[in-house]
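Mind the numbering: the sequence shown is residues 127 to 235 in this note's numbering, read in order. Notes follow the structure.
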Amino acid sequence: MKAILNNYRQAPRKVRLAADFLRGQMVVDAEAQLDALAKKASPILKKLLASAVANAVHNNKVEKAKLFIKEIAVDKGLVMKRFFPGAHGRAYPLRRKNSHIKLVLGVKE
Numbered sequence: 127m128k129a130i131l132n133n134y135r136q137a138p139r140k141v142r143l144a145a146d147f148l149r150g151q152m153v154v155d156a157e158a159q160l161d162a163l164a165k166k167a168s169p170i171l172k173k174l175l176a177s178a179v180a181n182a183v184h185n186n187k188v189e190k191a192k193l194f195i196k197e198i199a200v201d202k203g204l205v206m207k208r209f210f211p212g213a214h215g216r217a218y219p220l221r222r223k224n225s226h227i228k229l230v231l232g233v234k235e
């Protein structure tokens, strides 16, 4: 019962700030937390959570009320290298970082 999002266009450090709120919570509580959280990653995490819940309900026939977030991992993804124009004809490197997000659900008995 998992869902994975690869190459999400935000730095892993910033996504982890939102993901750390969710670890170990019940799914219903986590959805409410994501609605109230003022981070760019929260709508994406909510969609990923909805996908994992749909996988659990459809494939494993588990009730949504019994699900909790067993594991959420935000790893480093692809780094796009770009250049930013600087003064006197210089170019400064710009590293645009991506994230891989893995969400695993468990069942509370």
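Note that beta-carbon positions come from the ideal geometry of N, C-alpha and C, so glycine has one too. Just so we're clear, the structure is a prediction, and the values are computed from it rather than from any experiment.
CB of residue i within 8 angstroms of CB of residue j, strictly
i	j	result
Glu-165	Leu-231	It should be noted that the sequence gives Lys, not Glu, for residue 165. Cβ distance not < 8 angstroms, so Lys-165 and Leu-231 don't count as in contact.
Ser-168	Val-200	no
Lys-207	Pro-219	yes
Supposed close pair residue i, residue j - CB separation, criterion 8 angstroms
i	j	result
Leu-143	Glu-157	Not quite, the Cβ-Cβ distance comes to about 18 angstroms (not below 8 angstroms), so this is no contact.
C-alpha gap between residue i and residue j, whole angstroms
i	j	result
Gly-215	Lys-223	25 angstroms
Phe-194	Arg-139	23 angstroms
Val-141	Ile-227	9 angstroms
Lys-134	Leu-204	Checking the sequence, you will find Tyr at residue 134 rather than Lys. Going from the Cα of Tyr-134 to the Cα of Leu-204 covers about 9 angstroms.
Leu-131	Ala-180	15 angstroms
Val-233	Val-183	11 angstroms
Gln-159	Phe-147	8 angstroms
Arg-278	Val-188	One cannot answer for residue 278 here, as it falls past the ends of the chain, which runs 127 to 235.
Met-152	Gly-212	48 angstroms
Ala-217	Phe-210	6 angstroms
Asn-185	Lys-172	20 angstroms
Residue interval of the alpha helix (DSSP H) (run including residue i)
i	result
Glu-157	153-162
Ala-144	138-145
Limits of the unbroken beta strand (DSSP E) element including residue i
i	result
Lys-256	Since the first residue shown for the chain is 127 and the last is 235, residue 256 is missing from the structure and cannot be characterised.
Arg-208	193-211
Ala-167	Taken as a continuous stretch (DSSP letters only), Ala-167 belongs to no beta strand (DSSP E), as it is neither H nor E.
Lys-187	Premise fails: Lys-187 is in no beta strand (DSSP E) and is neither H nor E.
Leu-131	128-134
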